[in-house]
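If you use this note's numbering, the sequence shown closes out at 729, no skipped numbers anywhere. Cβ atoms here follow ideal geometry from the backbone N, Cα and C, with glycine treated the same way. Being a predicted model, the structure only gives us computed values, none of them experimental. Worksheet: one structure, shown below.
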Amino acid sequence: MARAGVLYVQVANAAARLVAEGKNTTIDNVRTALGGTGSKSTLAPLLKRWKAAHPGPLAQAEWGLPIGLVLALKGIHEKVLAGAALQVEQSEQTHREATAVLQEQLQQVFSERDSLLNAQTQQSQALATAQARSQGLEETVQRQEITLVSLGSEKLGLEQRLVDRVAEIATLSQHLQQAQGQFEHYQAAVAQQRADERQAAEQRQQRLEQELTELRQRLLAQQTRLGELQAREKHLAQDNDHLHDALHTSQESLILSRSAQLARQLAELKQIHQALEQRHVQDEQCLADTRTKLAVTERERRLLTDRFTQAESQLTELAREQQRLLQDNAVLNSQLVELRTLPPNPPLAS
380 MARAGVLYVQ VANAAARLVA EGKNTTIDNV RTALGGTGSK STLAPLLKRW KAAHPGPLAQ
440 AEWGLPIGLV LALKGIHEKV LAGAALQVEQ SEQTHREATA VLQEQLQQVF SERDSLLNAQ
500 TQQSQALATA QARSQGLEET VQRQEITLVS LGSEKLGLEQ RLVDRVAEIA TLSQHLQQAQ
560 GQFEHYQAAV AQQRADERQA AEQRQQRLEQ ELTELRQRLL AQQTRLGELQ AREKHLAQDN
620 DHLHDALHTS QESLILSRSA QLARQLAELK QIHQALEQRH VQDEQCLADT RTKLAVTERE
680 RRLLTDRFTQ AESQLTELAR EQQRLLQDNA VLNSQLVELR TLPPNPPLAS
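Okay, here's the thing in structure tokens:
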């Protein structure tokens, strides 16, 4: 718990005295300067407040570096961090937009697949209807043939009704021709419907190919973005090397300018080296974060590649469905040829 009577003014005066004496402004030194008054939990925020208000004298006292060099190094470090953060944010925004577009396109592909399945079901129903009608026509022809055989067996006893039977047979033949004409008209309509559906399937295939090309272009853009991030990582490594060079230059300057105070400044140089090592660790942490984000980008690129492969598989499936439709059309044509090649009704014996 904070002791009563320790004020910010007292902490500020004690810290100023320590700086004037060339000592480090640590909590223990400030507490000693105050005569052992105040706890660390009380002095810590007050000392932090004073350090924030006096960055120049604090840097000169603790590091022994010119304030201009300290501010320059700090500016370079902040600039590098700000640039990396902006680059990562832009990359994440681009990935989010690309993911949303791909999800929308995938939903469209699923919708088109459902439409094709519905169209296939309708075609199957139409084929079943056509087969039922064809079977009905075949049964009608069989009944007519049975009627003709019966008329032939009763020819001797029914010659007086021959004219009526001939007229009846002519009427039945006319009905058969009308039924065949209706069947041909229905098959022509089915063929036209198949042609329209085949044309629609080809148009869908063209759209899918265009979307596939767009996906390839987006994948290429993601690869370009990955190269930019790798170049940024290299640039950060170069900045880290520059910081190391600046550290060595500062150490040499301190050795040349303060050779008379070598024993005392050696300890200070060690502290500076530790601070710069900490900064170097922070820079390496930034590099590690950048590499992690690059790994995330690579994983998203692989996801895009997987979606691209799924789109190609769906395109292949559509081509197979189109092939099955063509085969069904060929079966219908063969059935029509078989119906047309049926033998005509046998003529009545005179």
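Backbone CA spacing between residue i and residue j [nearest angstrom]
i: L718; j: L506; result: 15 Å
i: L587; j: Q609; result: 33 Å
i: A381; j: T421; result: Residue placement at A381 is flagged as unreliable, the pLDDT there being 39, under the threshold of 50; a coordinate-derived value is accordingly withheld.
i: D493; j: Q714; result: 29 Å
i: R573; j: Q566; result: 10 Å
i: H554; j: Q510; result: 19 Å
i: Q664; j: V488; result: 43 Å
i: K613; j: S632; result: 29 Å
i: T519; j: Q589; result: 52 Å
i: Q556; j: D543; result: 20 Å
i: D685; j: L485; result: 12 Å
i: T478; j: A391; result: 55 Å
i: A395; j: A412; result: 10 Å
i: A399; j: L465; result: 41 Å
i: A423; j: I406; result: 7 Å
i: V385; j: L397; result: 17 Å
i: G560; j: Q521; result: 18 Å
i: V710; j: T671; result: 59 Å
i: R681; j: R611; result: 21 Å
i: Q661; j: Q701; result: 60 Å
i: K534; j: A579; result: 58 Å
i: Q514; j: N712; result: 16 Å
i: Q582; j: E491; result: 11 Å
i: L673; j: E476; result: 18 Å
i: D620; j: I455; result: 12 Å
i: R512; j: L530; result: 27 Å
i: A558; j: T508; result: 15 Å
i: K419; j: H659; result: 29 Å
i: H627; j: T592; result: 53 Å
i: G414; j: N408; result: 10 Å
i: L541; j: S532; result: 13 Å
i: D707; j: T688; result: 29 Å
i: G401; j: Q630; result: 19 Å
Neighbour-count burial assignment, residue i, 16 or more Cβ in a 10 Å radius
i: A642; result: exposed
i: E679; result: buried
i: E696; result: exposed
i: E647; result: buried
i: Q410; result: Per the sequence shown, residue 410 should be read as Arg rather than Gln. When all chains shown are included, R410 counts as buried.
i: A728; result: Because A728 carries a pLDDT of 49, less than 50, the predicted location of this residue cannot be relied on, and the following value inherits that uncertainty. Under this definition A728 is an exposed residue.
i: G417; result: buried
i: I651; result: buried
i: V545; result: exposed
i: A600; result: exposed
i: L635; result: exposed
i: L721; result: exposed
i: L425; result: buried
i: L537; result: exposed
i: T676; result: buried
i: V716; result: exposed
i: V388; result: exposed
Cβ separation of residue i and residue j, assumed to be a contact under 8 Å, to the nearest whole Å
i: R604; j: S503; result: About 47 Å; that fails the 8 Å criterion.
i: K430; j: T404; result: 7 Å
i: L598; j: L683; result: 5 Å
i: L694; j: Q584; result: 7 Å
i: T669; j: A463; result: 6 Å
i: L666; j: A616; result: 7 Å
i: L551; j: Q523; result: 6 Å
i: F326; j: L516; result: This structure cannot settle anything about residue 326, because the visible part of the chain is limited to 380 through 729.
i: D618; j: V459; result: 5 Å
i: E607; j: A498; result: Not confirmed; about 45 Å, so no contact.
i: A690; j: L594; result: 6 Å
Residue-chain proximity (residue i, chain B), Cβ-Cβ < 9 Å
i: L530; result: In summary, chain B is missing from the structure at hand, where a single protein chain is found.
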